[in-house]
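Q:
Protein chains: 2
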Amino acid sequence: MTATAPSIDLSAHGALLLALVLVAAKLGGEAAVRLRQPAVLGELLAGILLGNLPFAAVAGIGSHPVIDVLAQLGVLVLLFEVGLEETVRDVLAVGASAVRVALLGMLGTLAAVWLVAAWLMPDKSASTHAFFAAALTATSIGITVRVLKDLGVGRSREARTILGAAVVDDILALVLLAIVAGWSGQGGGSLAALLWMIGKTIGFLAAVLVFGGRVGPWLLGLAARMRVGGAQIVAGLVFCLALAGAAQAVGLAPILGAFAAGLVLEASHSAPFVARGEPPLARLLQPLSEFVVPVFFVVMGTRADVRALLRPDTLALVAGAVAAAVLGKLACGLGVARGVSRLAVAAGMLPRGEVSLIFASLGTATLLGGKPVLDATAFSALVAVVVATTLLAPVAVNLGFAQRRRRR
Amino acid sequence: MTATAPSIDLSAHGALLLALVLVAAKLGGEAAVRLRQPAVLGELLAGILLGNLPFAAVAGIGSHPVIDVLAQLGVLVLLFEVGLEETVRDVLAVGASAVRVALLGMLGTLAAVWLVAAWLMPDKSASTHAFFAAALTATSIGITVRVLKDLGVGRSREARTILGAAVVDDILALVLLAIVAGWSGQGGGSLAALLWMIGKTIGFLAAVLVFGGRVGPWLLGLAARMRVGGAQIVAGLVFCLALAGAAQAVGLAPILGAFAAGLVLEASHSAPFVARGEPPLARLLQPLSEFVVPVFFVVMGTRADVRALLRPDTLALVAGAVAAAVLGKLACGLGVARGVSRLAVAAGMLPRGEVSLIFASLGTATLLGGKPVLDATAFSALVAVVVATTLLAPVAVNLGFAQRRRRR
Numbered sequence: 259m260t261a262t263a264p265s266i267d268l269s270a271h272g273a274l275l276l277a278l279v280l281v282a283a284k285l286g287g288e289a290a291v292r293l294r295q296p297a298v299l300g301e302l303l304a305g306i307l308l309g310n311l312p313f314a315a316v317a318g319i320g321s322h323p324v325i326d327v328l329a330q331l332g333v334l335v336l337l338f339e340v341g342l343e344e345t346v347r348d349v350l351a352v353g354a355s356a357v358r359v360a361l362l363g364m365l366g367t368l369a370a371v372w373l374v375a376a377w378l379m380p381d382k383s384a385s386t387h388a389f390f391a392a393a394l395t396a397t398s399i400g401i402t403v404r405v406l407k408d409l410g411v412g413r414s415r416e417a418r419t420i421l422g423a424a425v426v427d428d429i430l431a432l433v434l435l436a437i438v439a440g441w442s443g444q445g446g447g448s449l450a451a452l453l454w455m456i457g458k459t460i461g462f463l464a465a466v467l468v469f470g471g472r473v474g475p476w477l478l479g480l481a482a483r484m485r486v487g488g489a490q491i492v493a494g495l496v497f498c499l500a501l502a503g504a505a506q507a508v509g510l511a512p513i514l515g516a517f518a519a520g521l522v523l524e525a526s527h528s529a530p531f532v533a534r535g536e537p538p539l540a541r542l543l544q545p546l547s548e549f550v551v552p553v554f555f556v557v558m559g560t561r562a563d564v565r566a567l568l569r570p571d572t573l574a575l576v577a578g579a580v581a582a583a584v585l586g587k588l589a590c591g592l593g594v595a596r597g598v599s600r601l602a603v604a605a606g607m608l609p610r611g612e613v614s615l616i617f618a619s620l621g622t623a624t625l626l627g628g629k630p631v632l633d634a635t636a637f638s639a640l641v642a643v644v645v646a647t648t649l650l651a652p653v654a655v656n657l658g659f660a661q662r663r664r665r666r
Numbered sequence: 259m260t261a262t263a264p265s266i267d268l269s270a271h272g273a274l275l276l277a278l279v280l281v282a283a284k285l286g287g288e289a290a291v292r293l294r295q296p297a298v299l300g301e302l303l304a305g306i307l308l309g310n311l312p313f314a315a316v317a318g319i320g321s322h323p324v325i326d327v328l329a330q331l332g333v334l335v336l337l338f339e340v341g342l343e344e345t346v347r348d349v350l351a352v353g354a355s356a357v358r359v360a361l362l363g364m365l366g367t368l369a370a371v372w373l374v375a376a377w378l379m380p381d382k383s384a385s386t387h388a389f390f391a392a393a394l395t396a397t398s399i400g401i402t403v404r405v406l407k408d409l410g411v412g413r414s415r416e417a418r419t420i421l422g423a424a425v426v427d428d429i430l431a432l433v434l435l436a437i438v439a440g441w442s443g444q445g446g447g448s449l450a451a452l453l454w455m456i457g458k459t460i461g462f463l464a465a466v467l468v469f470g471g472r473v474g475p476w477l478l479g480l481a482a483r484m485r486v487g488g489a490q491i492v493a494g495l496v497f498c499l500a501l502a503g504a505a506q507a508v509g510l511a512p513i514l515g516a517f518a519a520g521l522v523l524e525a526s527h528s529a530p531f532v533a534r535g536e537p538p539l540a541r542l543l544q545p546l547s548e549f550v551v552p553v554f555f556v557v558m559g560t561r562a563d564v565r566a567l568l569r570p571d572t573l574a575l576v577a578g579a580v581a582a583a584v585l586g587k588l589a590c591g592l593g594v595a596r597g598v599s600r601l602a603v604a605a606g607m608l609p610r611g612e613v614s615l616i617f618a619s620l621g622t623a624t625l626l627g628g629k630p631v632l633d634a635t636a637f638s639a640l641v642a643v644v645v646a647t648t649l650l651a652p653v654a655v656n657l658g659f660a661q662r663r664r665r666r
């Protein structure tokens, strides 16, 4: 029987490869969770293991169409979920101190990592340096939140500052991503090109907040009047996909659209569904996200090249970038309000995660003169920095809060 | 910005195309539901409309990697769900009369449609005739169940016979699919080849019932002891994908594996998850299935060629096949127990649905001498027969039960 589907065959190897990726993801995630680390760390390491096994069939796993499509769907669903967790009102309610913390941490990281990248990758273009640095600006506070809860300081002023700054950080990182990706894709480009990208990004977000803030709830309201099954989750996904496509159409990263779609949808928009006994949108998305998001992280892991990573120059780059990522982020401590521990807040903002990986992934896909802005070495180094900062974070947060206690 | 992903880009058009497919699916499904028809009928018609619009971008929508991968995932999830609804015990508890009804209906259809296909497609090979006929053997009683409920005869002996026969029908159809697809793929082949396919199919099902019946529950039990999120749904999907891959590896249709995986998993295996407040597996799968299954039906619709369908010879084929599919299925009436209306049962078994479409899809993908066993015309004719029998079913069931009442 030669049952080859017209274009792609999930049938051929796809089903088994997908099963393998899912098993690796959950085993890695489970190991990480048991070691009190975020699941994403284990998924990433499982991917690194899988991608560097000496079997040809497994080596190319990340580029198999079935895995690739689900990984890309995974990123969009992930960013949509991140957006859903925040409302526009939450963002506007964030204090000035949180905005200062987020902004200073990003600028500090951008400057410090850019310098290190330019120093340790002298033969690479300014686009590569900019992309590499921008990727490490985004904080991922999942691990921080867990450590804060463990320390019993989840409701401290430090914790509230970190949480507020994380919201701003998400948005600033995505705006920066859109700008840097657009600017790098044009070979660094002129100041005019940079300003055009900034204008376009801000324009897109403004348009989504104004129009999307009406269209999204209207779409869910329409779905609530439908009798066919699955109207709510499909309406949500359609909104997410349409804005991702719109972002792409104007030359921005699709994830910016997916995030913005989540941002303008609020829990209250699910009310008519909840009233008739259906779960709200965020809960309906959960099983889908628990299935496709880990595929993305495993794929990111498979693309990290351990042999490239163990070369002395790459190790130097990783060490330099980790140091710069930590020191750069410490700058955020300058933004905290009086009476709040600078070190505790800065420590909480250290870990890098999904947004950095998305940046890295986009960097390998952004071509400049036929070559990717981030090559395999730079990509692998970024994955290593994400792993290192996530492992460092619990130690740093403990130290930061210990120092705060001593002061009082 | 030239952000082209390494292999496939959901980013390029994928996100917008997927949004379009989902909107078409839900609008079609909603229209069908409001007209008291099954959602799948509307999804299929929405696909036919979409695929025959005069826009090049939309014409190729079904073969876009993102849509194609999700459609294929959709079939596996659909068959897994169908299997989950039935337990091995249910199947064994089906009465002898239900087995007779299912078997006679299938053999009657196979013979009648084969004759018509050989008569109206004389230039095609025996493989094509066999595939075309086998595709129409499978009953899809979704619409019947709804009509029976509306008539208030959902608990009649006729209804119980239909439900039991439908369970047997599902299994027989998948076994027949495996056999015919394997045999056709070898150019019709010898009696030995046919016996080998039958043996392999029965052997696979027996192996799944014996070993899978232990492995599946063990896998879910293992997942229940995990702390990472999404363990249950991922364990279920891994089991489904692994058996689909195993079926493919031994030369059978992956959907047979997906169905068998669902068959051996029972609601009781979700008990440890339910005990800690999580929904059971079938409910977790629902949002995923409501998202990906309609993609499959829309894609099937887009592949139907309306222009080919309107040619006189294709119309004759459709008319002949509909007549044969109806008359052939009437044979199942001979199998009913004493005191049960033959006509009412036969009418309930008339509608064709998802399994026929899967058959048809596999037929276009099964190559024989470099050409698909089912060409665009045969495929489109099958889609038309599915639509026609589904539309006929409510009328036929009403007539069948009216005749039963007159007799009493």
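Just so you know, the sequences run in chain order S and G.
Quick note on this note's numbering: the first sequence kicks off at 259 and runs consecutively.
Quick note on this note's numbering: the second sequence kicks off at 259 and runs consecutively.
Ideal Cβ placement from N, Cα and C applies to all residues, glycine included.
#1: For G520/S, collect the residues of the same chain with a Cβ closer than 6 Å to its Cβ; drop the 5 residues on either side in sequence, then sort them by chain order.
#2: Please report the straight-line C-alpha distance between F390/G and R610/G, rounded to a whole angstrom.
#3: Hey, is A297/G's beta-carbon within less than 7 Å of any beta-carbon in chain S?
#4: Below 7 Å on C-beta distance, what does I491/S contact in chain G?
#5: So which residues on chain G does L276/S lean against when the C-beta distance must stay under 7 Å?
#6: Taking buried to mean at least 16 other C-beta atoms within 10 Å of its own C-beta, is D563/G buried or exposed?
#7: Let me make sure I understand the geometry here. Which of G621/G, T635/G and G606/G has the alpha-carbon closest to that of A427/G?
#8: Kindly provide the ranges of any alpha helix (DSSP H) runs that are 4 or more residues long and lie completely inside the stretch 300-369 of chain G, ordered along the chain.
#9: Can you list, in chain order, the residues of its chain whose CB lies under 8 Å from that of I491/S, leaving out five sequence neighbours each side?
#10: Can you check DSSP and say which residues form a bridge with K629/S?
#11: Is there a Cβ of chain S sitting closer than 7 Å to that of G287/G, yes or no?
#12: Does the pairing of the stretch 505-516 of chain G with the stretch 430-445 of chain G give three or more beta-carbon distances under 8 Å?
#13: If distances are taken between C-alpha atoms only, which option among A423/S, M379/S and V335/S comes closest to L350/S?
#14: Less than 8 Å between the CB atoms is what I'm expecting for T402/S and V655/S, so what's the real figure, rounded?
#15: Assign S526/S to buried or exposed, taking buried as 16 or more other Cβ atoms, counted over all protein chains shown, within 10 Å of its Cβ.
#16: How about G286/G and A304/G: do their beta carbons lie closer than 7 Å?
#17: Could you give the first and the last residue of the continuous alpha helix (DSSP H) run that contains S547/G?
#18: Using a Cβ-Cβ distance cut-off of 7 Å, determine whether V553/G contacts chain S.
#19: Within the same chain, show all residues whose beta-carbon is closer than 6 Å to that of S528/G, passing over the 5 residues directly before and after it, in chain order.
#20: From L280/S to M379/G, what distance separates their C-alpha atoms?
#21: Please work out which residues of its chain come closer than 6 Å, Cβ to Cβ, to N310/S, disregarding the five sequence neighbours upstream and downstream, and give them in chain order.
#22: Closer than 8 Å between beta carbons: that is the criterion. Which residues of the stretch 530-545 of chain S meet it against chain G?
#23: Evaluate contact between the stretch 577-592 of chain S and the stretch 324-333 of chain S, counting only Cβ atoms and requiring at least three cross-stretch pairs below 8 Å.
#24: Between the Cα of S277/S and the Cα atoms of A602/G, A634/G and A493/G, which residue gives the shortest distance?
#25: Enumerate in chain order the residues of its own chain whose CB-to-CB distance from S599/G is below 6 Å, with the five nearest sequence positions on each side excluded.
#26: According to DSSP, simplified to helix, strand and coil, what is V492/G?
#27: Going along chain S in order, which residues have a C-beta closer than 8 Å to the C-beta of M379/G?
#28: Does the beta-carbon of A263/G have 16 or more other beta-carbons within 10 angstroms, so that it is buried, or is it exposed?
#29: So, helix, strand or coil for Q295/S, using DSSP?
#30: For A400/S versus C590/S, is the C-beta distance shorter than 7 Å?
#31: By the three-class DSSP mapping on this structure, what secondary structure does K382/S have?
#32: Alpha carbons only, please: which of R472/S, A439/S, P296/S and K629/S is nearest the one belonging to I456/S?
#33: Roughly how many angstroms separate the alpha carbons of F637/G and S614/G, rounded to a whole number?
#34: Using only the alpha-carbon positions, how far apart do L293/G and A489/S sit?
#35: With 7 Å set as the bound, which would you pick, yes or no: does the beta-carbon of A273/G sit closer than that to a beta-carbon of chain S?
#36: Can you look up G410/G in the DSSP assignment and give me helix, strand or coil?
A: Checking against the coordinates, here is how it stands:
#1: F338, G341 and L342
#2: 13 Å
#3: yes
#4: P545, E548 and F549
#5: Chain G residues near L276/S: L499.
#6: buried
#7: As written in the sequence, residue 427/G is Asp, which differs from the Ala given in the question. Residue G606/G is the option with its Cα nearest to D427/G.
#8: 314-317, 323-343 and 346-351
#9: L539, L542, L543 and L546
#10: L626/S
#11: yes
#12: Output reads yes: the stretch 430-445 of chain G touches the stretch 505-516 of chain G.
#13: Comparing alpha-carbon positions, the option among A423/S, M379/S and V335/S lying closest to L350/S turns out to be A423/S.
#14: 6 Å
#15: Exposed, by the Cβ-count rule.
#16: Yes, the pair counts as a contact, with Cβ atoms nearer than the cut-off.
#17: L539 to T560
#18: Closer than 7 Å: no.
#19: P538 and L539
#20: 45 Å
#21: V564
#22: L542, L543, Q544 and P545
#23: no
#24: Sequence inspection shows Ala at residue 277/S; the Ser mentioned does not correspond to that position. Taking only the C-alpha atoms, the option nearest A277/S is A493/G.
#25: E416 and R662
#26: helix
#27: What M379/G touches in chain S, judged by beta-carbon distance under 8 Å, is nothing: the nearest beta carbon there is about 21 Å away.
#28: Residue confidence is low: A263/G scores 36 on pLDDT, short of 50, so the model does not pin down where it sits. No coordinate-derived value is stated.
#29: It is coil, neither helix nor strand.
#30: According to the sequence as given, residue 400/S is Gly; it is not Ala. In this structure, G400/S keeps its C-beta atom at 7 Å or more from the C-beta atom of C590/S.
#31: coil
#32: A439/S
#33: 10 Å
#34: 17 Å
#35: yes
#36: DSSP, reduced to helix, strand and coil, places G410/G outside both helices and strands of the structure shown, so it counts as coil.
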